[in-house]
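Asker:
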Amino acid sequence: MNKKKSSIKNKKEITNRGYSDRNNTVERRGETRKRLLIVCEGQETEPNYFNSLYKNLNKIHLYIQVKGAGRVTLSLVEKAIELKNEDGEYNEVWCVFDRDFKSENNNQQNFNRAIALALKENIRLAISNDAFELWYLLHYEYYTSATHRNNLSQKLEERLGKKYEKNLDLYEQYLKQRQQTAIKNAENLWKDTSSDTTKAIYFDKQHPENFPEITDQLIHEFTRKHNINPSTTVYSLVQRLIYLSEND
Numbered sequence: 001m002n003k004k005k006s007s008i009k010n011k012k013e014i015t016n017r018g019y020s021d022r023n024n025t026v027e028r029r030g031e032t033r034k035r036l037l038i039v040c041e042g043q044e045t046e047p048n049y050f051n052s053l054y055k056n057l058n059k060i061h062l063y064i065q066v067k068g069a070g071r072v073t074l075s076l077v078e079k080a081i082e083l084k085n086e087d088g089e090y091n092e093v094w095c096v097f098d099r100d101f102k103s104e105n106n107n108q109q110n111f112n113r114a115i116a117l118a119l120k121e122n123i124r125l126a127i128s129n130d131a132f133e134l135w136y137l138l139h140y141e142y143y144t145s146a147t148h149r150n151n152l153s154q155k156l157e158e159r160l161g162k163k164y165e166k167n168l169d170l171y172e173q174y175l176k177q178r179q180q181t182a183i184k185n186a187e188n189l190w191k192d193t194s195s196d197t198t199k200a201i202y203f204d205k206q207h208p209e210n211f212p213e214i215t216d217q218l219i220h221e222f223t224r225k226h227n228i229n230p231s232t233t234v235y236s237l238v239q240r241l242i243y244l245s246e247n248d
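The opening position of the sequence shown corresponds to residue 1 in full-length UniProt numbering, with each subsequent residue numbered one higher.
1. Following the continuous alpha helix (DSSP H) through Glu-158, name the residue where it begins and the one where it ends.
2. Is Pro-230 close to chain C? Criterion is C-beta to C-beta, closer than 7 Å.
3. Do His-226 and Ile-64 count as a contact pair if the criterion is CB distance below 7 Å?
4. DSSP three-state label for Lys-225, please.
5. Using only alpha-carbon positions, find the residue among Leu-170, Asp-87 and Lys-191 that is nearest to Asn-233.
6. Decide if Thr-25 is buried, meaning its Cβ has at least 16 other Cβ atoms within 10 Å, or exposed.
7. Might you give, ordered along the chain, the residues of its own chain that have their beta carbon closer than 6 Å to the beta carbon of Val-93, omitting 5 neighbours on each side?
8. Can you say whether Thr-32 is buried or exposed, counting buried as having 16 or more other CB atoms within 10 angstroms of its CB?
9. Would you mind stating whether Asn-58 and Ser-236 have Cβ atoms separated by less than 7 Å?
10. Taking only runs of the alpha helix (DSSP H) that begin and end inside the region 92-131, which ones reach a length of at least 4 residues, in chain order?
11. I believe residue 251 touches Leu-74 by the beta-carbon criterion, under 8 Å. Please report the beta-carbon distance rounded to the nearest angstrom.
12. With a CB to CB cut of under 8 Å and the five nearest residues on each side skipped, what residues in its chain are close to Asp-100?
13. Apart from the five residues on each side of it in sequence, which residues of its chain come closer than 6 Å, Cβ to Cβ, to Asn-91?
14. Taking only three categories from DSSP, how would you classify Ser-145?
15. Measuring straight from C-alpha to C-alpha, what distance separates Trp-135 and Arg-224?
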């Protein structure tokens with residue numbers, strides 16, 4: 001009897017990656033849904049957000065796995081490549097991280113190398129400068145002033161009307177109904193200083209996999225763009241998830 005209950009419990013158990021082991025087995029048996037891996041720098045904020053977003057999407061065409069790696073920039077991209085090679089069945093792999101100037105391991109060299117490596121390995125990037133919280137704030141306003149993550153948290157608290165904590169799940173109550181506003185604000189923020197090449201890559205939500213040839217010039221342009229404060233390309237990943245959930 002105890003063994004039976006344990007079996008039922010295991011089948012229903014939902015992991016922090018947003019899916020059950022049983023569902024993962026079904027996916028590997030040839031379903032036609034697009035499979036995306038999202039590897040995040042943080043272990044709470046970003047995974048909470050993307051798992052909550054996924055709960056609100058049509059899962060007929062889309063399946064995602066969210067991994068909170070607890071790594072930054074270069075080591076995060078390296079981890080994403082490792083996970084991609086271990087599985088081999090992901091249609092797309094995305095890295096979500098910040099340009100945090102305060103982090104010892106997130107120096108300019110590692111940040112630039114992370115972008116270059118991701119591009120060469122066909123890893124998509126959702127980078128925020130200075131922090132992921134900028135994406136949250138853009139749900140409320142078009143914010144264009146260079147700032148530090150502490151200021152972003154303070155402004156978020158003013159909007160939320162309560163203390164901001166990284167482990168809060170804000171999607172349902174605070175962000176869901178403002179999603180299109182955030183996409184528009186983030187897109188406009190990125191457009192203002194983008195070259196035609198970076199625009200083509202980030203704005204094609206239907207075919208973002210169609211990367212141009214990876215050249216030193218392209219890497220330089222991506223690096224320049226992602227070093228601009230404030231900026232975020234989280235919107236491009238959100239747009240992609242929405243599009244894939246609605247289309248074959």
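Built from N, CA and C at the ideal position, the CB exists for glycine as well.
Answerer: So, to answer that:
1. For the purposes of this step, residue 158 is taken as the residue at position 158 of the sequence shown. Here the alpha helix (DSSP H) through Glu-158 covers 149-160.
2. Of the protein chains in this structure there is only one, and it is not chain C.
3. Numbered from 1 along the sequence shown, position 64 holds the residue referred to as residue 64. Numbered from 1 along the sequence shown, position 226 holds the residue referred to as residue 226. For Ile-64 and His-226, no; Cβs fall outside 7 Å.
4. The residue you call residue 225 lines up with position 225 of the sequence shown. Look at Lys-225 here: in three-state DSSP terms it is helix.
5. As a working note, residue 233 is residue 233 in the sequence shown. Before going on, a small fix: residue 233 reads as Thr here, not Asn. Nearest of Leu-170, Asp-87 and Lys-191 to Thr-233, Cα basis: Lys-191.
6. What you label residue 25 is simply residue 25 of the sequence shown in a count that begins at 1. Reliability fails at Thr-25, whose pLDDT of 35 lies under 50, so the model's placement of it is uncertain and no value is given.
7. Residue 93 sits at position 93 when you count from the first residue of the sequence shown. Same-chain partners within the cutoff: Leu-37, Ala-80, Lys-84 and Ile-123.
8. Along the sequence shown, one-based indexing puts residue 32 at 32. With fewer than 16 other CB atoms across the displayed protein chains lying within 10 angstroms of its CB, Thr-32 is exposed.
9. In the sequence shown, residue 58 corresponds to position 58, counting from 1. In the sequence shown, residue 236 corresponds to position 236, counting from 1. Result no, Cβ atoms of Asn-58 and Ser-236 do not sit closer than 7 Å.
10. Every alpha helix (DSSP H) stretch that sits fully inside the region 92-131 and reaches 4 residues is listed by chain position as 108-120.
11. The requested residue 251 does not occur in the structure, where the chain is confined to residues 1 to 248.
12. Residue numbering aside, residue 100 sits at position 100 when the sequence shown is read from its first letter. Excluding residues within five positions, the ones whose Cβ falls inside 8 Å are Val-72, Asn-106, Asp-130, Ala-131 and Arg-149.
13. The residue labelled residue 91 in the question sits at position 91 within the sequence shown. Around Asn-91: Lys-34 and Arg-35.
14. Indexing the sequence shown from 1 puts residue 145 at position 145. Three-state result, Ser-145: coil.
15. Counted from its first residue, the sequence shown places residue 135 at position 135. Counted from its first residue, the sequence shown places residue 224 at position 224. If you take the alpha carbons of Trp-135 and Arg-224, they lie about 19 Å apart.
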